[in-house]
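Only one structure is covered here, and it is reproduced in the block below.
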Amino acid sequence: MSRLVTKEDIEHVAKLMKIDVDNIDEYYERVQKILNYFDSLDKADIESEEIPVQETTIGELREDKYIPFDARLIDQLKNYKGAFVRAPKMN
Amino acid sequence: MSLAISASEYIDGVKNGTLTAEEFVAKTLDQISKYDGSLHAFLSLNEKALEQARQIDKKIKSGQKIGALYGLPVSIKDNICIKGGRTTCASKMLENYIAPYDATVVTRLTSQDAVIIGKTNLDEFAMGVATEFSAFGPSKNPWNQDCVPGGSSGGAAVSVAAMECVAALGSDTGGSVRNPASFCSVVGLKPTYGLVSRYGLVSYANSIEQIGPMGRKVEDVALILNHIAGKDPHDNTTIDNKNEDYLKGIDSGVQGKKIGIIKEMSKGQGLDKNVEAAFWRAVSQFEKLGAKIEEISLDMVEYTVATYYVLTTAEAGSNLSRYDNIRYGYDLDLEGYEFKSYIAKARKNFGPEVTRRMILGGFVPSAGFAGKYLLKALKVKSKLKKQIQTAFQKCDFLISPTVPVLPFKFGEKIDDPLAMYLADINTVTANLTGVPAISIPFEIHNGLPIGIQIHANMLQEKQLIQAAYALQGTTRLPEVPL
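Which chain is which? The protein sequence lines are A and B, in order.
Numbers 89 to 179, taken from our numbering, label the letters of the first sequence in order.
Numbers 27 to 508, taken from our numbering, label the letters of the second sequence in order.
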């Protein structure tokens with residue numbers, strides 16, 4: 089089994105994804121196992137394959153127009169007072 | 027009056043006055059109160075359903091214009107938005123989220139006077155193959171309550187199988203409509219990518235997922251597709267189907283059609299012997315119906331599960347980054363955290379599978395690993411698409427078992443994500459290539475359902491439904507043992 093990914097890598101990625109993980113060992117084993125399974129892609133005969141790029145002409149895009157949304161959208165905001173949303177302290 | 031009727035039987039009944047929407051909806055609600063305590067197909071019910079049915083009856087009586095669905099009770103997977111109702115995605119993170127708008131599919135069904143009976147259970151954010159990962163507890167398979175109903179649209183399949191509604195909408199990212207359809211002995215269709223609008227579907231992996239209809243009969247699925255398919259200005263990926271009628275000519279049969287057996291899906295490792303035997307019986311039914319059978323090979327199928335999970339975790343990592351507990355979420359004290367740690371703490375409310383996929387979704391597109399995983403997955407996807415297009419030059423349809431195994435017991439695979447992921451091996455190809463595929467109930471083995479999957483080329487839903495209808499005509503399946 090290749091050990092390309094270290095526990096520190098998993099911790100680092102979890103931090104980047106802003107996820108608190110209590111038991112990193114549990115995730116380490118499983119994520120490692122799945123990544124090893126992803127290694128099977130190395131055997132696929134795809135060297136000459138090109139990755140298609142999707143192109144959309146400007147004419148196909150919808151008009152760049154402001155469409156007001158239902159006022160009830162604002163009801164979904166938590167900690168909404170008057171015209172403000174209260175968010176956690178930033179530092 | 028039986029609840030085990032097809033959508034068209036229901037509509038005919040209401041039209042000619044042998045039944046009313048109100049009595050049928052009332053009976054459906056009775057069925058739910060009787061069985062859903064143990065089956066847990068629903069996460070919430072539409073409290074106005076009975077009143078809406080009553081209004082529909084009133085409209086009919088007074089000769090007013092009425093929509094084509096005449097109060098047909100339909101369930102909606104709880105990752106599809108209904109204005110003013112909860113849309114939880116079976117996640118604690120969205121437990122109290124009230125959608126401020128209707129998904130296009132919901133607007134289209136209700137504008138035809140369908141009655142939305144409730145929102146159905148799923149794996150959290152549609153990530154799973156067993157509806158075991160719902161934050162609100164699993165749904166149970168009505169054929170054997172010790173077994174999983176499949177996933178992630180498990181609740182949708184159960185609601186249809188247990189006659190708690192006539193039809194349902196699920197979503198299919200890697201087989202999430204077809205897999206539970208197979209496990210619960212109902213019909214499930216994953217349409218061509220872009221045929222049905224995804225506006226109002228909570229995104230998990232938007233480049234491949236599709237909303238799909240489920241029903242007890244192929245004709246019910248065709249009827250629902252008639253009303254939900256087509257161009258939507260809210261979803262730029264949608265395709266115009268020019269008001270195709272999928273019911274018209276449904277009994278055209280498969281005489282003279284060429285059907286390809288996908289070699290990599292119909293034999294080999296991991297395929298249950300009983301599923302395999304049922305599959306070959308389905309093949310011989312197609313032969314009797316006048317189809318020509320040949321074996322074809324799609325060698326990229328071997329890599330589809332890895333490809334699927336690489337692509338979906340990358341997209342999930344991005345799509346789920348919006349859940350910061352500021353715009354949506356639950357109450358968490360605002361004091362005493364630094365911004366990043368606040369979000370990290372809030373995300374502890376994600377279940378283990380979502381957390382796992384978000385971590386994987388951080389890895390696969392990252393600088394050191396993108397070439398190793400993401401780019402290779404995109405290349406496999408591209409090659410697979412070419413292979414399936416070549417196959418469709420030779421064949422009208424491709425067939426396989428829907429899921430290689432029989433419905434399994436709760437807890438059996440939950441600790442082994444890889445074993446669970448492999449349940450998707452026959453279904454992910456349709457998602458990665460964008461072609462439509464349908465699962466049809468075919469046999470019941472020792473009380474457990476087995477489904478057969480048919481693929482067709484892009485936008486060939488009409489022919490696909492005809493083939494499914496032909497196979498359905500060869501089966502005589504028992505009633506669900508409730």
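Quick reminder that beta carbons are idealized off the backbone N, C-alpha and C, glycines included.
Just so you know, these numbers come straight off a predicted model, no measurement behind them.
Can you tell me the Cα-Cα spacing of A496(B) and D277(B), whole angstroms? 7 Å
Quick one: complete beta strand (DSSP E) runs, 3+ long, within the segment 252 to 310 of chain B? The qualifying runs are 284 to 288.
For I369(B), which three-state DSSP category applies? helix
Where does E137(A) land, buried or exposed, given buried means 16+ other C-beta within 10 angstroms? buried
Give me, in chain order, the residues of the same chain whose beta-carbon lies closer than 7 Å to that of D62(B); leave out the 5 immediate sequence neighbours on both sides. Scanning its chain for C-beta atoms nearer than 7 Å, with the 5 sequence neighbours on each side dropped, one finds around D62(B) the residues F68 and E190, in chain order.
How is the alpha helix (DSSP H) around T416(B) delimited, first residue to last? Taken as a continuous stretch (DSSP letters only), the alpha helix (DSSP H) holding T416(B) covers L400 to K420.
Taking DSSP's pairing of strands, which residues face M240(B) in a bridge? Paired residue(s): A194(B) and G214(B).
Determine the chain B residues that contact D158(A) at a beta-carbon separation under 9 Å, and present them in chain order. K109, P126 and Y127
Compare the C-beta of T459(B) with all C-beta atoms of chain A and state if any pair is closer than 7 Å. So, not an interface residue.
Starting from Y368(B), find everything on chain A with Cβ-Cβ shorter than 7 Å and list it in chain order. P176
Report yes if the C-beta distance between D261(B) and S233(B) is below 7 Å; otherwise report no. no
CB contact check: Y116(A) to chain E, cutoff 7 Å: Annotation note: the requested chain E is absent from the structure, which comprises protein chains A and B.
Please classify A482(B): does DSSP put it in a helix, a strand, or coil? strand
Do M291(B) and K409(B) have their C-beta atoms closer together than 7 Å? no
Name the chain A residues that come within less than 9 Å of T114(B), Cβ to Cβ? Within 9 Å Cβ-Cβ: nothing; T114(B) doesn't reach chain A, min ~14 Å.
Could you work out which residue in F159(B), L98(B) and V131(B) is closest to F436(B) when comparing CA atoms only? F159(B)
Starting from G226(B), trace the beta strand (DSSP E) both ways and give me its first and last residue. Per DSSP, G226(B) belongs to no beta strand (DSSP E) and is neither H nor E.
Buried or exposed: which applies to Q479(B), given that a residue is buried once 16 or more other Cβ atoms fall within 10 Å of its Cβ? buried
Given a limit of 9 Å on CB to CB distance, which residues of the segment 390 to 408 of chain B reach chain A? For the segment 390 to 408 of chain B, the residues whose beta carbon sits under 9 Å from a beta carbon of chain A are, in order, V390, S392, G394, F395, K398, Y399, L401, K402, A403, L404, K405, V406, K407 and S408.
Thinking just about the alpha-carbon of each residue, which of G180(B), E245(B) and G110(B) is nearest to the one in W169(B)? G180(B)
How should N72(B) be labelled, buried or exposed, when 16 other C-beta atoms within 10 angstroms of its C-beta is the threshold for buried? The residue in question, N72(B), is buried, as its Cβ has 16 or more Cβ neighbours within 10 Å.
Do G226(B) and A129(B) come within 7 Å of each other at the CB atom, strictly closer than that value? yes
Is the segment 315 to 333 of chain B touching the segment 428 to 443 of chain B, taking contact as three or more C-beta pairs under 8 Å? Inter-segment contact for the segment 315 to 333 of chain B and the segment 428 to 443 of chain B is absent: fewer than three beta-carbon pairs are separated by less than 8 Å.
Please tell me whether P430(B) has its Cβ less than 7 Å away from any Cβ of chain A. no
Assign L490(B) to one of three DSSP states: helix, strand, or coil. helix
Residue range of the beta strand (DSSP E) that L69(B) falls in? Per DSSP, L69(B) belongs to the beta strand (DSSP E) from F68 to L71.
By Cβ distance below 8 Å, which residues in the same chain neighbour V119(A) in space, the five residues on each side in sequence not counted? V93 and I98
On the DSSP bridge assignment, give the partners of A463(B) in chain order. K216(B) and H481(B)
In three-state terms, what does DSSP make of L497(B)? helix
Could you check whether the Cβ of P443(B) sits closer than 7 Å to any Cβ belonging to chain A? yes
Taking the straight line between their C-alpha atoms, what separation do you get for T146(B) and G220(B)? T146(B) and G220(B): Cα-Cα distance of roughly 23 Å.
Run through DSSP, which three-state label would E320(B) get? Of the three classes helix, strand and coil, the one that applies to E320(B) here is strand, per DSSP.
Same chain only: Cβ atoms within 8 Å of V141(B), ignoring 5 sequence neighbours per side: A47, V51, N72, A75, Q78, A79, I82, G97, L98, P99 and V100
Taking the alpha-carbon positions, what's the E270(B) to I92(B) distance? One alpha carbon belongs to E270(B), the other to I92(B), and they sit about 21 Å apart.
Contacts around V101(A), its chain only, beta-carbon distance under 6 Å, and the 5 residues preceding and following it disregarded: none
Assuming E487(B) and P467(B) are in contact, meaning their beta carbons sit under 8 Å apart, how far apart are those beta carbons, in whole angstroms? Rounded, the Cβ-Cβ distance is 19 Å, inconsistent with contact.
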